[in-house]
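Peer 1:
Number of protein chains: 2
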Amino acid sequence: MLSPQALRNGETPSPHRRIPTSATHQFHSTVSEQKLRRFNSLILVFRLAAFCFSLASSIFMLTNSRGSSSPHWYDFDAFRFVFAANAIVAVYSLFEMVVSVWEISRGSTLLPEILQVWFDFGHDQVFAYLLLSANSAGTALAKALRRTDTCTATSAFCIQSDISIALGFAGFLFLGFSSLLSGFRVVSFIINGSRVHL
Amino acid sequence: MLSPQALRNGETPSPHRRIPTSATHQFHSTVSEQKLRRFNSLILVFRLAAFCFSLASSIFMLTNSRGSSSPHWYDFDAFRFVFAANAIVAVYSLFEMVVSVWEISRGSTLLPEILQVWFDFGHDQVFAYLLLSANSAGTALAKALRRTDTCTATSAFCIQSDISIALGFAGFLFLGFSSLLSGFRVVSFIINGSRVHL
Numbered sequence: 001m002l003s004p005q006a007l008r009n010g011e012t013p014s015p016h017r018r019i020p021t022s023a024t025h026q027f028h029s030t031v032s033e034q035k036l037r038r039f040n041s042l043i044l045v046f047r048l049a050a051f052c053f054s055l056a057s058s059i060f061m062l063t064n065s066r067g068s069s070s071p072h073w074y075d076f077d078a079f080r081f082v083f084a085a086n087a088i089v090a091v092y093s094l095f096e097m098v099v100s101v102w103e104i105s106r107g108s109t110l111l112p113e114i115l116q117v118w119f120d121f122g123h124d125q126v127f128a129y130l131l132l133s134a135n136s137a138g139t140a141l142a143k144a145l146r147r148t149d150t151c152t153a154t155s156a157f158c159i160q161s162d163i164s165i166a167l168g169f170a171g172f173l174f175l176g177f178s179s180l181l182s183g184f185r186v187v188s189f190i191i192n193g194s195r196v197h198l
Numbered sequence: 001m002l003s004p005q006a007l008r009n010g011e012t013p014s015p016h017r018r019i020p021t022s023a024t025h026q027f028h029s030t031v032s033e034q035k036l037r038r039f040n041s042l043i044l045v046f047r048l049a050a051f052c053f054s055l056a057s058s059i060f061m062l063t064n065s066r067g068s069s070s071p072h073w074y075d076f077d078a079f080r081f082v083f084a085a086n087a088i089v090a091v092y093s094l095f096e097m098v099v100s101v102w103e104i105s106r107g108s109t110l111l112p113e114i115l116q117v118w119f120d121f122g123h124d125q126v127f128a129y130l131l132l133s134a135n136s137a138g139t140a141l142a143k144a145l146r147r148t149d150t151c152t153a154t155s156a157f158c159i160q161s162d163i164s165i166a167l168g169f170a171g172f173l174f175l176g177f178s179s180l181l182s183g184f185r186v187v188s189f190i191i192n193g194s195r196v197h198l
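So the sequence lines, in the order shown, correspond to chains L and D.
Mapping of the first sequence onto full-length UniProt numbering: residues 1 to 198, in sequence order.
Mapping of the second sequence onto full-length UniProt numbering: residues 1 to 198, in sequence order.
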């Protein structure tokens, strides 16, 4: 029946357990700092992977037009959606990488902590849905195109679209992993009042 | 620095605050029971809405073929995906409605509590992604079909597909709301050791 706020306040008046053995305290704090660093590095790796895949996907889609006679990617709604979603996720992942590097090097978050954990988690969720939706739409269109003349005449166009969409799905996968970790940070923040407590 | 387990245990040895005023205690417990009931009713309403929309969507898709000369829904991958995803979500929502009614009427969960909250949240998340993916794919195919002869010859087929997909999106919306509430239950369970503590 204790509120999380009460718990956070409740932590402060119990230092008598730690003061007697300040060496133990220091040891524990070093261990949890190491864990925090490892956790943040894992997030950074996922962010980097999501950034690379979504950037590659958007570049593959952007360069997918060969002269005026062949079809262009921007003639198709779903391909425009794939490009836009991947570009948005690439920009967002880049920003989150900066945030992550900042946090690892300085030990504090860029925005105020409560804002940061909710910002990360909320945007991860929304952008994961966005990216999945775009890639699914792109897949359906790519499959539908394969039955028409567009693909038989210029098969390179269809292959490049397929590659772009596949890269987008890989980006979604890593964004999903990041979302899990940032969800863990939110829960951890609600319980302990600090973003990571492993 | 307290683990959630410690908190849960920590709740038990502090009844001395409540015993003196058993009337107050009873009042508080009635209030929180009322809130729990209202929370569970809200979940039930969202489940019911998700069930209705996804069932309607799958029925609209299933009945979308008119004789052997016109196109059938099962000729298109994306429409089969729309039907399957909506049917799965309809069955799942029906099961969750039974679980919800059981919980409202008996005051306890069908499965053990920890299993139940994680089961609900996990399945809500996965099925929300599945349904969004299916509906996006369906939308892209429906848009692609509109440029071909299929829609000009038998426009009723395309209109009925559009309706089915729109209903699927409505189902996704309510499944998303349920997912938010079941996520709240998981966090609440982790913090308090009980599924709802408002």
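Glycine included, every Cβ here is placed at the ideal spot set by N, Cα and C.
No experiment lies behind these values; they were computed from the predicted model shown.
Taking the alpha-carbon positions, what's the Y129/D to F60/L distance?
Peer 2: Locating residue 129/D in the second sequence gives position 129, where the first residue counts as 1. Locating residue 60/L in the first sequence gives position 60, where the first residue counts as 1. About 25 Å.
Peer 1: A87/D CB to nearest chain L CB: under 9 Å?
Peer 2: Reading the second sequence from its first residue, position 87 is the one you call residue 87/D. So, not an interface residue.
Peer 1: Nearest to residue 214/D by alpha carbon, out of L44/D, V31/D and G176/D?
Peer 2: Absent from the model: residue 214/D. The displayed extent of chain D is 1 to 198, so no value can be given.
Peer 1: State the DSSP-derived secondary structure class of S65/D, mapped to helix, strand or coil.
Peer 2: On the second sequence, position 65 is the one that residue 65/D refers to. The answer is strand: DSSP assigns S65/D an E or B state.
Peer 1: Do you know whose CA, among A134/L, A142/L, S100/L and F174/L, lies nearest F39/L's CA?
Peer 2: Here residue 39/L is taken as the residue at index 39 of the first sequence, counted from 1. Comparing Cα-Cα distances from F39/L to each of A134/L, A142/L, S100/L and F174/L, the minimum goes to S100/L.
Peer 1: So if DSSP puts H72/L in a beta bridge, which residue, or which two residues, is it bridged to?
Peer 2: Position 72 of the first sequence, counted from the start, is the residue given in the question as residue 72/L. Beta-bridge pairing links H72/L to S65/L.
Peer 1: Can you tell which of F174/L, P112/L, D120/L and L175/L has its C-alpha closest to the C-alpha of R185/L?
Peer 2: Here the question's residue 185/L lines up with position 185 in the first sequence. Per the Cα distances, D120/L.
Peer 1: At a cut of 8 Å, does the region 107 to 125 of chain L reach the region 60 to 75 of chain L through at least three beta carbon pairs?
Peer 2: With the cut-off at 8 Å, the region 107 to 125 of chain L and the region 60 to 75 of chain L do not touch.
Peer 1: Quick one: give me the first and last residue of the alpha helix (DSSP H) that G171/L is part of.
Peer 2: In the first sequence, counting from the first residue as 1, residue 171/L sits at position 171. It spans S155 to N192 - the alpha helix (DSSP H) in which G171/L sits, taken as one unbroken run.
Peer 1: Suppose you measure from the CA of D77/D to the CA of N86/D; what does that come to, to the nearest Å?
Peer 2: For the purposes of this step, residue 77/D is taken as residue 77 along the second sequence, with counting starting at 1. For the purposes of this step, residue 86/D is taken as residue 86 along the second sequence, with counting starting at 1. Going from the Cα of D77/D to the Cα of N86/D covers about 14 Å.
Peer 1: Below 9 Å between beta carbons is the criterion; list the residues of the region 123 to 137 of chain D that meet it against any residue of chain L, in chain order.
Peer 2: Listed by position along the chain: A128, Y129, L132, S133, A134, N135, S136 and A137.
Peer 1: Does the region 169 to 187 of chain D come close enough to the region 161 to 175 of chain L to have 3 or more Cβ pairs within less than 8 Å?
Peer 2: Verdict: no, contact absent.
Peer 1: Please go through the region 50 to 129 of chain D and give each complete beta strand (DSSP E) segment of 3 or more residues, from N-terminal end onward.
Peer 2: You should have found no qualifying run.
Peer 1: How is R147/D classed by DSSP in three states: helix, strand or coil?
Peer 2: As a first step, residue 147/D is located in the second sequence; it is residue number 147 there, counting from the start. Looking at R147/D - three-state DSSP - the assignment turns out to be coil, as it is neither helix nor strand.
Peer 1: How many angstroms separate the CA atom of R80/D from the CA atom of C158/D?
Peer 2: Within the second sequence, residue 80/D is the residue found at index 80, counting from 1. Within the second sequence, residue 158/D is the residue found at index 158, counting from 1. For R80/D and C158/D, the distance between alpha carbons rounds to 14 Å.
Peer 1: Output yes if chain D places a C-beta closer than 9 Å to the C-beta of D120/L; else output no.
Peer 2: Taking the first residue of the first sequence as position 1, residue 120/L is located at position 120. Not one chain D Cβ lies under 9 Å of D120/L.
Peer 1: Give me the Cα-Cα distance between G193/L and S179/L, rounded to the nearest whole angstrom.
Peer 2: As a position in the first sequence, residue 193/L is number 193, starting the count at 1. As a position in the first sequence, residue 179/L is number 179, starting the count at 1. Cα to Cα, the separation comes out at about 19 Å.
Peer 1: Heavy atom of the ligand SAH less than 8 Å from the Cβ of N64/L, yes or no?
Peer 2: This structure lacks the ligand SAH, and indeed carries no ligand of any kind.
Peer 1: Rounded to whole angstroms, what is the Cα-Cα separation between S188/L and L94/L?
Peer 2: Counting from one through the first sequence, the residue named residue 188/L turns up at place 188. Counting from one through the first sequence, the residue named residue 94/L turns up at place 94. For S188/L and L94/L, the distance between alpha carbons rounds to 24 Å.
Peer 1: Is there at least one Cβ from chain D nearer than 9 Å to K143/L's Cβ?
Peer 2: Here residue 143/L corresponds to residue number 143 of the first sequence, with the count starting at 1. Judged by the 9 Å Cβ criterion, K143/L is in contact with chain D.
Peer 1: Give me the chain L residues within the contact set of V187/D, using Cβ-Cβ distance strictly less than 9 Å, ordered along the chain.
Peer 2: Translated into the one-based positions of the second sequence, residue 187/D becomes position 187. Within 9 Å Cβ-Cβ: V186, V187, I190 and I191.
Peer 1: Between which residues of its own chain and A90/L is the CB-CB distance below 7 Å, once the five residues before and five after are set aside?
Peer 2: Here residue 90/L corresponds to residue number 90 of the first sequence, with the count starting at 1. Answer for A90/L: F51, S54, L55 and S58, listed in chain order.
Peer 1: Determine whether the beta carbon atoms of L131/L and F46/L lie at a separation below 9 Å.
Peer 2: Here the question's residue 131/L lines up with position 131 in the first sequence. Here the question's residue 46/L lines up with position 46 in the first sequence. No, they are not a contact pair.
Peer 1: By a C-beta neighbour count over all protein chains shown, 10 Å radius and 16 as the cutoff for buried, is residue 201/L buried or exposed?
Peer 2: The structure shown does not extend to residue 201/L, since chain L spans only 1 to 198, so no value can be given for it.
Peer 1: Taking any Cβ of chain L, which residues in the region 61 to 80 of chain D have a Cβ under 9 Å from it, in chain order?
Peer 2: Of all residues in the region 61 to 80 of chain D, F76, D77 and A78 have a Cβ within less than 9 Å of some Cβ in chain L.
Peer 1: With three or more beta-carbon pairs closer than 8 Å as the criterion, would you say the region 135 to 148 of chain D touches the region 144 to 156 of chain L?
Peer 2: With the cut-off at 8 Å, the region 135 to 148 of chain D and the region 144 to 156 of chain L touch.
Peer 1: So which of I165/D, F177/D, G183/D and S32/D has the shortest CA-CA distance to V82/D?
Peer 2: Taking the second sequence and counting its residues from 1, the one referred to as residue 82/D is at position 82. When each option's Cα is compared against that of V82/D, the closest is I165/D.
Peer 1: Excluding sequence positions up to five away, which residues of its chain have a Cβ less than 7 Å from the Cβ of I163/L?
Peer 2: Counting from one through the first sequence, the residue named residue 163/L turns up at place 163. Result list for I163/L: F60, in chain order.
Peer 1: Look at the Cβ atom of T139/L, then the Cβ atom of A137/D, and state whether they are nearer than 9 Å.
Peer 2: As a working mapping, residue 139/L is identified with position 139 in the first sequence. As a working mapping, residue 137/D is identified with position 137 in the second sequence. Against a cut-off of 9 Å, the Cβ pair of A137/D and T139/L comes out as a contact.
Peer 1: Can you list the residues of chain L that T139/D reaches, using a CB-CB cut of under 7 Å?
Peer 2: As a working mapping, residue 139/D is identified with position 139 in the second sequence. Those are A137, listed as they occur along chain L.
Peer 1: Consider the Cβ of T148/L: report whether some Cβ of chain D lies at a distance smaller than 9 Å.
Peer 2: Counting from one through the first sequence, the residue named residue 148/L turns up at place 148. Yes, its Cβ sits closer than 9 Å to a Cβ of chain D.
Peer 1: Less than 9 Å between the C-beta atoms of I191/L and I191/D, yes or no?
Peer 2: Numbered from 1 along the first sequence, position 191 holds the residue referred to as residue 191/L. Numbered from 1 along the second sequence, position 191 holds the residue referred to as residue 191/D. Yes. Within cutoff.
Peer 1: Report the residue from L62/D, R66/D and Q125/D whose alpha carbon sits nearest the alpha carbon of G183/L.
Peer 2: In the first sequence, residue 183/L corresponds to position 183, counting from 1. Out of L62/D, R66/D and Q125/D, Q125/D has the C-alpha closest to the C-alpha of G183/L.
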